[in-house]
Amino acid sequence: MIDNANNKNVENKSRLPLYLSVSLFGVLVTTYFLIPEVERFFDQAWSVLTSDDEVRIQQWVSGFGWFGPVLLILAMIAQMFLLVIPSILLMVVTILAYGSIAGSLIVFGSVFAASSVGYFIGRYFGNSVVTGILGKKSQQKVEDFIDNYGFWAVFVTRINPFLSNDAISFVGGLLQMGYWKFIGATLIGIAPLTMYIAITGKSIESLKTGLFWGSLISLLVFGIYVWWDKKGRKN
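Just so you know, we're using this note's numbering here: the sequence shown kicks off at 19 and counts up by one.
Structure, rendered in structure tokens:
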């Protein structure tokens, strides 16, 4: 009975990001319909960010002044706990808004900050908090991944935008992987993806195609590496 209760509790905790996301969505929808200023802001934001117009996006984001980059960094940290803000979207918006060089630097700063926060949450708040955020099954998979491949597990997760970037941060801290080893693998891994977005992110369509093939190739290369590693261990 106790084990069943504990398992149920873990399962409920693992839904924390979903609950937070639904709550945030509910608040946003409510304020959208009740507060005209909020409605105008989101209508404008949607119109600008889906316009595929780099100049227009730059002008809109520049209206936030110095707070623009800070807002993007905070959004990158917040998205670790939510399901409604994909990190790849924030990276694309940043580079479209601030250009290839400045945008890439802001992306690096955002990823560094978010990854560090996730790492130290895992390291200092421990297993129960990480399980509450990720769920037991996801946590175990990432733990096994890091145990087997260490630096390269972090690297390949960062280089591929469709793998769980946030989970690797929490579990890396939980397993007490060396911080500089972890953050080094993070920044080295995110560099090719950031440069790729900066080069191909001139239009949404070219970016979608580029990300698809880039992700496919990185997964293929890592799959070959895993196969070769397992073959070597058997021998």
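Note that the Cβ used here is the ideal one computed from N, Cα and C, for glycine as well. These numbers were taken from a predicted model, which means no experiment stands behind them.
(message) Out of Gly127, Ile177, Leu193 and Trp84, which one is the CA nearest neighbour of glutamine 157?
(response) Of the residues Gly127, Ile177, Leu193 and Trp84, the one whose Cα lies closest to the Cα of glutamine 157 is Leu193.
(message) As an exercise, report each continuous alpha helix (DSSP H) stretch of at least 4 residues that is fully enclosed by the segment 118-192, in chain order.
(response) 118-152, 154-167, 169-177 and 183-192, all fully within the segment 118-192.
(request) Would you give the residue range spanned by the alpha helix (DSSP H) that glycine 207 belongs to? (result) Going by DSSP, glycine 207 is part of the alpha helix (DSSP H) stretching over 197-218.
(request) Out of Phe99, Asp162 and Gly196, point me to the one whose CA is closest to leucine 152's CA. (result) Comparing alpha carbon positions, the residue from Phe99, Asp162 and Gly196 closest to leucine 152 is Phe99.
(message) What would DSSP say about isoleucine 20, mapped onto helix, strand or coil?
(response) Per-residue confidence for isoleucine 20 stands at a pLDDT of 46, beneath the threshold of 50, marking its modelled position as unreliable; no derived number is given.
(request) In angstroms with no decimal places, state the Cα-to-Cα distance between alanine 23 and aspartate 247. (result) Any reading at alanine 23 needs caution, since the residue's pLDDT is 48, under 50, leaving its predicted position unreliable; the model's value is listed next. Answer to the nearest angstrom: the Cα atoms are 40 Å apart.
(request) Would you please state the rounded distance, in angstroms, between the beta carbons of glycine 150 and valine 172? I believe it to be under 8 Å. (result) Wrong, their Cβ atoms sit about 22 Å apart, outside the cutoff.
(request) Can you tell me which of the three DSSP states isoleucine 53 falls into? (result) Residue state, collapsed to three classes: coil.
(request) Evaluate contact between the segment 124-138 and the segment 234-244, counting only Cβ atoms and requiring at least three cross-stretch pairs below 8 Å. (result) No, the segment 124-138 does not touch the segment 234-244.
(request) Indicate the three-state DSSP secondary structure (helix, strand or coil) for phenylalanine 82 in the structure shown. (result) Phenylalanine 82 falls in the coil class under three-state DSSP.
(message) Please list the terminal residues of the continuous alpha helix (DSSP H) segment that includes methionine 98.
(response) That residue, methionine 98, is in no alpha helix (DSSP H); it is neither H nor E in DSSP.
(message) For a quick check, are the C-beta atoms of isoleucine 124 and phenylalanine 188 less than 9 Å apart?
(response) No, the Cβ-Cβ distance between isoleucine 124 and phenylalanine 188 is not below 9 Å.
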